[in-house]
Amino acid sequence: MTIKYCGLLTMTFQKEITLKAKNRGFHLVTNEILSQITEIAKVKVGIANIFIKHTSASLTINENVSSDVLRDLEKHFNKFVPEEAPYYEHIYEGSDDMPAHIKSSVLGQSLSIPITNGKLNLGTWQGIYFGEHRNYGGSRKVVVTIIGE
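If you count the sequence shown from 1, position 97 lands on 413 in my numbering, and the numbers rise without skipping.
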């Protein structure tokens, strides 16, 4: 086993960015995020934590080539977490609200992605997905924290 010494962490950076409002469903947002954190180019080795500040939206990593995956995930999650389930108590914000909270909890609000030579070190077919689980969610706030050298 080879261990590479990376030295002391010399950079900490945090920025709140905004994802433009999107229709309900899953959206590939890797480039939208990267365009707002150009500071990543200065990081040789590090980690990016990407956190969405909402309880009815999510972030996940999945295939970045076929848009069929985006649509299939939306169809599956709508079947997996239906609207208007008779046992929901939290119903006063609309029929899409409680399912949005459940989808957000299942998928999560935070990603940690390695940074190598100024780029997110994602797999060949990987991209960052934003899940908009409300019918009218609006723009969404995301906090990106980078720690590295």
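From the three backbone atoms N, C-alpha and C, an ideal C-beta is built for every residue, glycine too.
Starting from the C-beta of residue i, find all residues in its chain whose C-beta is less than 7 Å away, skip the five residues before and the five after it, and write them out in chain order.
i	result
Gly341	Leu386, Glu390, Glu448
Tyr404	Met414
Leu335	Val345, Glu348, Phe446, Ser455, Arg456, Val458
Near residue i, what residues of its chain come up, given a Cβ to Cβ distance below 6 Å and the 5 sequence neighbours on each side ignored?
i	result
Thr376	Leu423, Tyr445
Pro415	Val397, Glu399
Leu436	Ile429
Asn451	Arg340, Asp412
Ile418	Val397
Thr371	His417, Ser420
Buried or exposed for residue i, please, with buried defined as at least 16 other CB atoms from any protein chain shown within 10 angstroms of its CB.
i	result
Met327	exposed
Asn380	buried
Gly453	buried
Gly464	buried
Ala373	buried
Ile544	There is simply no residue 544 to check, as the chain begins at 317 and stops at 465 in what is shown.
Gly362	buried
Ala337	exposed
Arg401	Reading off the sequence, residue 401 comes out as Ala, not Arg. Exposed.
Ala357	exposed
Please report the Cβ distance between residue i and residue j, rounded to the nearest whole angstrom; I am assuming they are in contact, meaning their Cβ atoms lie under 8 Å.
i	j	result
Ile366	Leu427	5 Å
Gly443	Leu344	5 Å
Quick one: grab the DSSP three-state call for residue i.
i	result
Ser420	helix
Asn365	strand
Thr376	strand
Gly341	strand
Thr432	strand
Thr326	coil
Thr461	strand
Ser426	strand
Since residue i sits in a beta bridge, which residues does DSSP pair it with?
i	result
Gln352	Beta-bridge pairing links Gln352 to no other residue.
Arg456	Leu335
Ile407	Note: Ile407 sits in no beta bridge, so no partner.
Excluding five sequence neighbours on each side, which residues of the same chain lie with their C-beta closer than 8 Å to the C-beta of residue i?
i	result
Gln330	Val459, Val460, Thr461, Ile462
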